[in-house]
Structure formats: structure tokens, C-alpha cells
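Scroll down for the structure; my scribbles are underneath it.
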Amino acid sequence: MKKTLLFLFILSGISKILLAQNFEYGKASQQEIDMKQYDKDTSANAVVLNEFGSAQINVSYDNAIRLTYEYHVKIKIFNHRGFGHGTVYIPVRNNEDNNLSDDVNNISGITTYKDDNGATQVEELDTKKIYKTRDYKYQSTLKFAMPALHDGCVIEYRYIIITPFFEHFHSWQFQSNIPKVNSEYNALIPGFWQFNIALRGPLKLTKTETGVESNCFSAGGSKAGCVKLVYGMKDIPAFIAEEYMTSPKNYLSALNFDLIEYTNPYTGVKTKVTEEWKDIDAGLKNSQRFGDQLRKKDFVKDHIPPSILNITDTTEKAKAIYKWVQGYFKWNNYEGIYCDAGIKKAFETHNGGISEINLTLVTALNAVGIKTEAVLLSTREHGFITKLFPSIGDFNYVIAHFTAGGKSYLLDATDVELPFGILPLKCLNDQGRAFSMNEPSYWITLEAKQSRTITCSIDLTLQDDGKLKGTINRFSMSYEAFLRRKTIKKYNTIDDYVDFVAEHLHKIKIIKSNIANADSLDVPVEETYNIEVDASGNLDKDKLVLNPYILDKVNVNPFKLNERNYPVDMGMPSDVRFIINIHVPPQYTVENNIHDQNIQLANNGGRFLTTFTNDNNNIIFSSEVALNKSIFKPEEYAALKDFFNRMIIAEKTELVFHKKS
Amino acid sequence: MKKILLLICLLITGSKIFAQQNYYSQPISKDLLYGANAVIRDEETSVEVKDLTDVVYRVKKVITILNKNGDNMAPIVVEHDKFKAVKSIKGEIYNAVGTRTGKFSESNFEDVSGYDGFSLFNDFKIKHYTPATEGYPYTIAYEIEYQFKQTLFFYDWEPARVSLAVENATYTFTCKPDFNIRYKEMHLPEKGQVTTNSSGQTVYSWRLTNIKAFRSEPFGEAHLPKVKISPQSFSYGGMKGAFTTWQDLGKWEYDHLLINRDQLSPETVTHVQEMVANITDPKEKAKKIYEYMQQRTHYVSVQIGIGGFQPFLAADVDQLNYGDCKGLVNYTHALLKAVGIESYYCVVTAGKTQKTSMMKDFPGMNQGNHAILCLPFKNDTTWAECTSQTIPFGYLGDFTDDRAVLAVTPDGGKLMHTPKYSADDNLRSRKAEFVIGDDGKLSGTMVTIFKGTDYENREKALTDNNTDRIKGLKSAYAINNVTFESVDFKEDKSPHPAITESLKLSASDFATTSDGRFNFPVNPVNRLNTTLREVRNRVSDVHIIRGYTIYDEITYTLPKGYHLDSKTIDINIDKPFGNYTATLTLNGNQLIYKRKSQLKQGTFSGDTYQDMVDFFQTVYDADSYNVSLVKNN
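These protein sequence lines map, in sequence, to chains Y and Z. When we follow our numbering, the leftmost residue of the first sequence carries the number 437, and every step to the right adds one. When we follow our numbering, the leftmost residue of the second sequence carries the number 107, and every step to the right adds one.
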């Protein structure tokens, strides 16, 4: 899946190559203008004909070191459904104090189209019609709409960004949601800097060239040669997303750069940035916005309610601390591993980012003598972390980890409904890096010890009037309990929630209900419903019909693609089982049996099992759907899709009762 | 005793907002808690018109957030632009027991660009801040002062919301005696008062007390208490004006916002004139112009300056090939003018789920959010939506149908009504010929015609690429294992358009076997898939804002050697708000299913709702009828 290109930037021994040239601006060929569809993907509303980018570290006019990034693209738009590609957004980052920011220059754009008489016309982008909006503290966006969009037009635009944040060497996305004919990226990196370069995604490069250019960089009297790198891909297919996937970023083919080491050209001092984990550990430890926060043990301890301090059992104490932190703070929707306002400010405002809240948790646990680590991770939306070399850049989330009584606990205190030891789905993304103030960091698997588990028992008695009366008992456990609570809490009252449940039960009346443990986070949610089922509704008066899948029935197959070249990632295993017991009085007969099902996925990946017994007085039907794995590989996709298909058909089964006359 | 406590309180906390009352521990009455996620304890809104370009607008608000769902009412979002400046913001937060846990002021607010959800660019900005504290309930008290530099419109006063109860709220509007206003009170329990204050100013005031939280009800409309105020004389962006009627307001809009914005280059004028030179019928000419506009423009919204009210220049749209609704309407108007066809720029409140009319008795600038074009052909008034690249000339659809709009003409404004789509207009009619194989496989053809607002619902499929089309069909016709062997759409692009969808399809295991029987649903393609929820203590009338009619006819050829082992059906329900019939008949080896369902536009009393619940339940049951086939002996 992942392919790596690791380059050692040795400045000798590589033959000199010419940097590939950017393609000519403003020239749409007759063939491009006449193009009616993209033959390699006739469903495409637009296709990137050519895309070129280059990035180089150089010295600006005011003697500051900058990264100059140039972007140039030419897109064929077949119809109005592709017009969205004619609206361009360029993010502009700035630092904390907003005195350093990206500088976007030389934006130009041109649209080539055929007018009503079939003559080729061009229209240039009016740079007065470029708008800038302020998005949030660290970012603005430049926006423009390309002029004169017509069905079949060719648009082309380019711009240059000069950025002071050159350590974040610009990555390159080869793949997007429309196909590309050609995409190429050039990088020119002076010998003062060393980057790790990684290619992500399943597609292969069709062009890689490396070379050197001597004396291409000078600053403060020191000179260096540069490494020149050329990467290209041709005929890149569009990326299609489907359910149960982690971030598309994990699978889109892209090239990423991470700084390992640099030499200050002015002083000659060499700094290793992230060559080894111990360097990253030290950086975190010394960071004002990370390590310093973890040192505020005394400050945090002063806030801990005294009743908690008196608890002696470690796990109980940890639970109390966790609950206190959960309740004390509200998450302000900011992610990131570094504190923005800091723990002290967060205490004042009861409000903080992921980092403030969970670093408070880590600090509080440490303050009461429970040895706890901060675990850095990347959320599912955010993408996988690279494991090829140490890197801090990929993390966007931090949680707490401690061990007690031989059990290991992962905690996220930013959601007040999360039970102790359960992580939200967004955090279940491969591995995290456990960090503490005095020991080396290490990888820790985030694959949770949690699952979506439901067990349900239904006991019904068929009445002489054709109705079935009885009870449903449903237990939602582990992560399912968390989700159930979230749903219950969406409603102001339990009654409103029961109304919501009733809405989804057709021909079934809820006579009485009881929801237990909606607020006790660490036990299963138990729902009890006394119900009355009207089985006669099927227009045939002599027959009563009941689908035994009263709750938790799967109706639609989430997998619809013919093939999928990235994995299905459900985050955690699941197990849904129920047993239904129907007491049949002597005046009724049961017309049919339900065939037992036993559908298995390979390597114990999952099973769908049903059993049916009928002794004329009692029917017992049980069903279990278990998916034992979190992740199914692309080669398992067809089997998984078929599994769902067969299960959906089987869940349509009906029991038919007949009244003896 | 009380006085002393109060004094101490003041000394300790300094300047508390609303210090005279302790909202933070005082219980809220049970009535107000029912269905509420938050309660406004006290809100004082005051507007003081100092002169035509100087209005002070103050809001003091104390709101208690009761639970997590109420958190979305905690953020304070302050809009500002060149007509509206923020003078000061300050506030405090109190926890469940009434202890102050935080303070905030303007410096805590983040200032970012405004975003309306669809524009590329807006020139208003927002400052936002979310006060928070531990646990629930918590209370936020704050005070904001703005200065408005215009008097063309004032914000509506509407403190109650769905799931938000109001303990106490007041609105005062203060102005010089010669500043005349008109006001409209809607759903107010008590009328407002007009008094004169000590400085001789006129003071209008309204009060709301103990307003329960509104709960949203299916087919219901929340009648929230509201006061609207409009000026008589005003100033806006250096322009002055006065109005008491829609005629006046429309005249002002025409003279100040529209006039001369319809100029086109001589080349464009010549071009379009040549384009229609051979067409004599004015309506055909207009159609040609409209289609020309459609194929060379698309929708991009940029709101700058008085952009909220004023369209881009037609010449700019002509060059850029894009514009927002106003720009595209004005451009189309200009093109029509170039070929001698009259048209009106019309302001409308667009929305699919609500039909909001311009208020006949209350002209005002803050009504409307969209623009459309009206072509006043004699006895054939024609309407055009100018932001779509694909819909036919003369078709509006459910975004702007059946409501009063303001036509802005050189002679002034006039209210006009857009066409209504009746239950008979919104028609879907389907005919399918299916064969069930002896392996349970379904195969056959299905032809469906979509008309009225249903045309628009299907229209997107026309320009979908093949992958999306199949995806769309699979979700529209959720038959397990369905594959589409051929898909064809035909479009009748008249002002009363229709789409004919012809499908050839098959689905293996459609009829599932058990014990040598085949079971299958007789209505696999148009099943009602939800019922209506029961609503206790319903308060609102039943509003069906748009009707529809659906016909289905499916003929199944049964596999040889099998016979039907289920009863045929004949259902007929007729209610004032709709009707339903379904029949299943057997004719030799052909099973024929016919279904008709209709819902009618109208307002019915609240009690009708229970009838609707039963109606939908019956339809649901009937739609899920399954039949069995058994092998002949």
C-alpha cells in the first residue's frame, strides 16, 4: 500500500539533470478545446489536463529564508456540473501574532471557450475580483471565480505563494475527485535542509528524477548546492469515497515532506529536527504549550475536589478525576496537540481545546499519584500517521493513558457522555504515541477494547384477538451504550426518546417503557418496552404475519461499489444478537419454519447465524450478526458486500400464523 | 434586609448586569421548562433613532441554558459591516448554583468573515464567542450595543424560538415625534403601547412574559410572537427616501438600485437582436434569450457594498458569465430589453418547505431573499428562475411557487402572485411490466412520468454521469440486488415540463423462497417508508403546503406452474386532505397491482392530524403487502 522514497541528500555523485519545465501558460490547444469527453473516464464532469507545481527554499529580498511555491493547472470542464472546479480557494496561513503570513503573488487565470459562433475566445481573470476572507485565528482564504465558464471550456490558473513557514514543505496531491492526465511536482532543496519524502496511496509514480544544482543558494556568506527532485504521474483516476472509510487522505496518492535536519546558513549550527523520537520527546517536553502544561501539577491539584483526593483505590480515583474533568470543561471544537490558551486559562473559562482538556486530565492523574501518559494521535478524519520515520506533524489529538491492576486505560475527557475507558470512534485510528515527562515515548495501539454490542430478548404471547403482547429487553453495551446515550440525550425527556423509538416501530404500540442507566456511564443502557403488535395488518384477515426483526434490522447494503481499492474500516468490532420467544396458543398454527442461516466470513471475520425451533406451543428464533474485525481489506470487499446482501434478504423473513377455524 | 444584601452584592461583584435580580438560582416555572432547551430570563431590546443615519441598538439578555441541546443557543454571534458597528460587548457567566464563573468583553471575541452558506464572498464580518461553564443549567448575561448608520430597515423583534422559552422580554423603540413608523404585531398576547418620554420622544414598547417553548410539529407552523417596524422616511448609504406602500418602496428601489444597471455593450445588443431576428412570437423570442442566458452563465454569489440589495451591472455579468440571483435576473432583463421585451425584476422569499409571501399590508425592505424575473405577456404572465442552467423557460418549481412577490417596475412596486402547483400538477405516474422467473428473479420494464414540482426532483438525473445515475436509481428504487440494464430519460422542456424515465431492470432473488413458496412485495418501488409520529397536545393547524398525485400500475407475469396463495386486495380511503386506493387483481397468470395516492394542499384543523397519522399508517400497511406463490400440485 504505502510506498516510501527515502532520499539521502548527498550532494555528490548524482548526475546533473534539468529541472522539468512548467508547461506554457495560456495555450489551450485546439484538441483540448474540441474535446467532448475524457475517454479514460467518460463519467468525468471535468479533467485536469495538466498540473505543475514547484517548491524551492530561497532567500527573499529582505534576506529572510522563504519557501517559494508555484502552482499551475489547466482543467477541461465538460459541463456545468464541473463548474465548481472554476471556483478557486487558496488558504493563507498566519502565525499566532499575525505578523508573519503566507504571501500570495502573481495570481492569473484565463478561460478559453467557444462562443456562439464556434469561434475560440479567451477571457482573463480580473484580479480585482479576487476576494479575501478571514476564517479563523490562523487562516484566511483567497477566493476567486474563473470568468466566462461555458460547457466545454478550458480554464487555466496559476499563482505563487511565498511562505515563511518553510519547514512545512508543501506537499503535493496527485489524486483528487476528478481524473488527471498529468501531474508533476518539482522540489529544489538547498543542502542546508534535509527532508524525508514519502509517497502515500496505491498509485505509482511514472516519473522520478533527481539531480543537483551547485551554488544555487547563498545566505549570510554561506553557499550550498541544491537537490532537484522531479516527480510525476500520468493518467490518475478520480477517487471515489464510500461508507466506512477513514480519511480519504490515507488513500489519495500524495507526496509528503518532513523536515529532519537543517543547518542554519548564518551560524552554521546544525539542528536535528525530528530525526529520532528522543528529539521529538525533548521538543514536547520543553514546549511551552505542551510540556510546561504537564508541569502544572500543583496548580491542577489545587482545583481537584478534596473528596476525590481521599479515594484510595487507583481505578476508582482515576474514574473520579476523569468524571470531574469531563464535567468541568466544555470543548471549544479546537483540535490539535498543543495548547492554545493553556490550562490556566481553560480553568478560568471552563472552556478549552482537546489539548487543554486532556492535558489537564493527564496532569491531574499524575498529580494524585497515578502515573499517566499523554498519547498523541491522528483522528480518522485527519488521516494516518507516518510510521516510516519519527514525525510530530501528523498528530492532531491527544488523550490520556494509564495502567492499573494490569489493565490499560485510554481516556478522552472532552465528551461528557463517554464512559470511562471508551474512546470516541474518531480516535480509533491505528496507533498513537505515548509520551511522558521522564521516559522515552513509544507506540501504543488504539484498537480499542470496545465494540458495538447489542443483546435483545423479546418475549411475546399471541392473543386470541390476533395481537401479540409482551416485552422487549434491549441492552446496549460498550460503545453502543455511548451511542445510545447520545441518541437519548438528543431528546429533552425520556418520553420524547420513547416517541422517537415508537416512530420506527410500525404496527407496534409501546404500552409502557423503562430506560435504565441513561446517566450511569459505565454500565449497559437497558431499554424495556411493553409492546402490543398488530400482526393482522397484512390485509389477509386469516393470517397473522410478523417479521421477527423488530429492532436493529439492516435494510440497506452500505456497500455498493463493484470494487473498492481501499479498506473498509469500521473502527471496532460489532455484535448484534437477539432472541425472540413467542407463545402460541392452541387455536393457532404456525405456517412456516424459518430456515437456519449460517453465513461466515473468511478467517473468522464475521458470521450471521440464526436458529429456529417450534414445538407448537413455543417458537424460539435467535439471530446473531457479528463482525469480529475492525478492518476489511480491499480483497475482502466482495465477500463483505455479499455477506450484507444475504443477511438483508434473510432478515426479510416472516412468521405466518393461521387461526384454526 | 433585601436592600442590604443587594448592596453587598453590588460592592463585591462590581457592575453586575441586571444586578437587581438574581436569575441564577431562582427557579424557572415548570410550564416554561417543558420542551425547552434554554429559557430567556430577561431580554431588553431597545432601539433609539437619533437621526436618519444614527440609530443606537442595544440588547441586554439573560439566558439560562438548561441542557446540552441548549448549548447551540449559547454562542454570541455579532454581525457588523459598514452600516452596522459594534460599540461595546460585555457579559458574565453563572453556573448552576448562581456563582459567577467568568466574564467576557469584546476582546474575547474572534473576528472573522461572515459566511451565509452559499456566497463566495460577503463583505459583512462576524465577531463570535461561546461562553461556557461547568455543568447545567448555566446562565449567560450580556449586553451589546451597536450603531446603525441607516434607517431603511430595522430587525424584527422575535425573542422566542423553537425549544426556547421566554420568561420576560421587552422591546422599546424610541424616536423623535416626527419620525413616523408603521409597525405590525404578530401572534402577540398583548398589544404594544405608545407613550412620550420626558425628552419629548415617542416611545413604542412591547412586552412578552411567560412564553412557552415552541415545539416543532409535523405539518405544523410555529406562530412565534413578532413585531416588525418600518420607517416612513429613511436614509441608506447616502440615499434618502420615504415609503408607506409597496408602490413607493418599489419606486425607490427602481430609481436607486436598478436604474441604468441594465446597460449592455452595443456588440451584445446587436448579437441578441440578430439572434431573435427571425422569430416573431415575443414569447418564443424570450425563450431564446432565456436559453442563451442559461448556457452562458452560472451562479456565483459575491455580496459587496449595497450588494445585498443591488444587482451587479448587466455588462459585468455579460463579461464574467457569472452572477448571483440579482445579477442574473437583471442581466436577463437587460437582454430582453435589448430585443424589446418588457420584464420585471421581482423580489421573493424563496424556500421549498415554506411559502412566505410579501406582506400585503406591511411593505418593508427586510422581506425577500431571492430574485426572479416576471414577463408580463398579455394574459400570459410568465416567470423565470435565472440561476439554473437547465430548467425550462417559464418553470419556477417549488423554490418560489405560489406566493406574493414584489415586482420592481419603473412605475413603482406591485405585488404579484407566482403560479401554484396543485395536487394534479405534481404528478408522478408509473407503469411497469414485470416477469417473475422460476428462480425468483424479477425482470422487466418500468416507465415513470414526472411533472410539476416532481419534474424538478428528477431533473438532476438528466445531467448526472452514469455512475451517479445508477447510484441515484438504486436509492430511489431500493429493490434488493437490482441492476439496471438500460436507463433512458426523455425531457419535455415546455413551461409545464415532464420527464419520462424508462428503465429496463432485473433483480435476482426478488421473490424469496421458503418452504417451496415464493414471497414478494407487490409494491417494491413506491412504498411509503415512514409513518407520522404521534404528537401529544398538538397546538398548530395542519398545513399541507403542496399536494401531489402518484399513480402506479404494475403487472406481474407469474412463473409457470405457480399459483397465487394470498388474497387480492381492494382498498379505498378518502379523506379531506388526501386519498388512497390500492387494488390487486389476478387475471390468468397476470397479477395486476394498481395504486393511487394523493395529498391535497390546504390548511386543516389541528384535530385532523390524528386522522393523518391513521391515514399514513393504513397506507404504510397496505404498501407493505406481500404475496406468496405456491407450486401447483
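Note that CB positions come from ideal geometry on N, CA and C, so glycine has one too. Owing to the predicted nature of the structure, the values given are computational and were not obtained by experimental measurement.
Note to self: Mapping the DSSP letters down to three states, classify Gly356(Z) as helix, strand or coil.
What the structure shows: helix
Checklist line | Same chain, Cβ closer than 6 Å to Ser703(Z), neighbours up to 5 away in sequence not counted | finding: Ile656 and Tyr686
Next item on the list: Please check if any C-beta of chain Z sits within less than 8 Å of the C-beta of Arg636(Y).
Entry: no
Notebook entry, point to check: Using DSSP with H/G/I as helix, E/B as strand and the rest coil, what is His329(Z)?
Noted result: coil
Check: In whole angstroms, what is the alpha-carbon distance linking Thr822(Y) and Gly637(Y)?
Finding: 12 Å
Notebook entry, point to check: With distances taken from CA atoms, which of Tyr572(Y), Glu963(Y) and Val509(Y) is nearest Val528(Y)?
Noted result: Tyr572(Y)
Item checked: Proximal residues of chain Y, C-beta to C-beta of Glu216(Z) below 8 Å -> Tyr572 and Lys573
Margin query: Quick check on Ser972(Y): does DSSP put it in helix, strand or coil?
Written below: helix
Checklist line | CB contact check: Ile880(Y) to chain C, cutoff 8 Å | finding: Absent here is chain C; the protein component of the structure consists of chains Y and Z.
Checklist line | Per DSSP, the bridge partner or partners of Ser734(Z) | finding: Asn625(Z)
Notebook entry, point to check: Is Ser479(Y) close to chain Z, meaning its C-beta is less than 8 Å from at least one C-beta of that chain?
Noted result: yes
Checklist line | 8 Å Cβ cutoff, Lys616(Y) in contact with chain Z | finding: no
Checklist line | Rounded separation between Gly378(Y) and Asp361(Z) - CA only | finding: Because chain Y spans 437 through 1097 in this model, residue 378(Y) falls outside it and cannot be assessed.
Margin query: Check for me: the alpha helix (DSSP H) holding Tyr715(Z) runs from which residue to which?
Written below: Thr714 to Asp729
Margin query: Looking at chain Y, is there any beta carbon in it that lies within less than 8 Å of the beta carbon of Leu294(Z)?
Written below: no
Check: Apart from the five residues on each side of it in sequence, which residues of its chain come closer than 7 Å, Cβ to Cβ, to Lys438(Y)?
Finding: Its pLDDT being 33, under 50, Lys438(Y) is placed unreliably in this model, and the value from its coordinates should be taken loosely. Correct list, in chain order: Arg636.
Note to self: My output table needs one value for Thr440(Y): the three-state DSSP class, helix, strand or coil.
What the structure shows: Interpretation of Thr440(Y) is limited by its pLDDT of 33, a score under 50 that renders its predicted location unreliable; the figure taken from the coordinates is listed afterwards. Thr440(Y) falls in the strand class under three-state DSSP.
Next item on the list: May I have the straight-line CA-CA distance separating Asp594(Z) from Val628(Z), to the nearest angstrom?
Entry: 24 Å
Note to self: Suppose you measure from the CA of Trp489(Z) to the CA of Leu502(Z); what does that come to, to the nearest Å?
What the structure shows: 7 Å
Next item on the list: Quick one: list the residues of chain Y neighbouring Thr637(Z), beta-carbon separation under 8 Å, in chain order.
Entry: Glu939 and His942
Note to self: So if I threshold CB-CB distances at 8 Å, which residues from the stretch 415–433 of chain Z count as touching chain Y?
What the structure shows: Gln425, Leu426, Asn427 and Tyr428
Note to self: As an exercise, report each continuous beta strand (DSSP E) stretch of at least 3 residues that is fully enclosed by the stretch 134–161 of chain Z, in chain order.
What the structure shows: 144–157
Next item on the list: Tell me whether the beta-carbon of Ala1075(Y) lies closer than 8 Å to the beta-carbon of Leu1037(Y).
Entry: yes
Next item on the list: Using a cut-off of 8 Å between C-beta atoms, extract the partners of Ile1084(Y) located in chain Z.
Entry: Asn586
Next item on the list: Report yes if the C-beta of Asp988(Y) is less than 7 Å from at least one heavy atom of the ligand NAD; otherwise report no.
Entry: As presented, the structure is devoid of all ligands, the ligand NAD included, so that no description of it is given.
Check: Would a check of beta-carbon distances place Leu116(Z) closer than 8 Å to chain Y?
Finding: Annotation note: pLDDT 34 at Leu116(Z) (below 50); position unreliable, no value reported.
Check: Could you check where the alpha helix (DSSP H) with Asp486(Z) kicks off and where it finishes?
Finding: Unbroken run through Asp486(Z) is the beta strand (DSSP E), Asp486 to Ala490; no alpha helix (DSSP H).
Margin query: I'd like to know whether the C-beta of His1094(Y) is nearer than 8 Å to at least one C-beta of chain Z.
Written below: no
Note to self: Bridge partners for Glu323(Z) per DSSP, in chain order?
What the structure shows: Bridge partners of Glu323(Z): none, in fact.
Checklist line | Ile195(Z) (DSSP reduced to helix, strand or coil) | finding: strand
Notebook entry, point to check: For Lys753(Y) versus Ile806(Y), is the C-beta spacing smaller than 8 Å?
Noted result: yes
Next item on the list: Please look up how many angstroms separate the CB atoms of Ala849(Y) and Leu730(Y), rounded, as I've assumed it's under 8 Å.
Entry: Not confirmed; about 15 Å, so no contact.
Checklist line | Top-ranked residue by Cα proximity to Val165(Z), from Tyr252(Z), Tyr200(Z), His234(Z) and Phe210(Z) | finding: Tyr252(Z)
Next item on the list: Using 10 angstroms around the beta-carbon of Asn678(Z), count the other beta-carbons present and answer buried if the total reaches 16, otherwise exposed.
Entry: exposed
Checklist line | Backbone CA spacing between Val934(Y) and Tyr833(Y) [nearest angstrom] | finding: 36 Å
Check: What in chain Y is Cβ-close to Glu640(Z), meaning under 9 Å?
Finding: Asp935, Ala938 and Glu939
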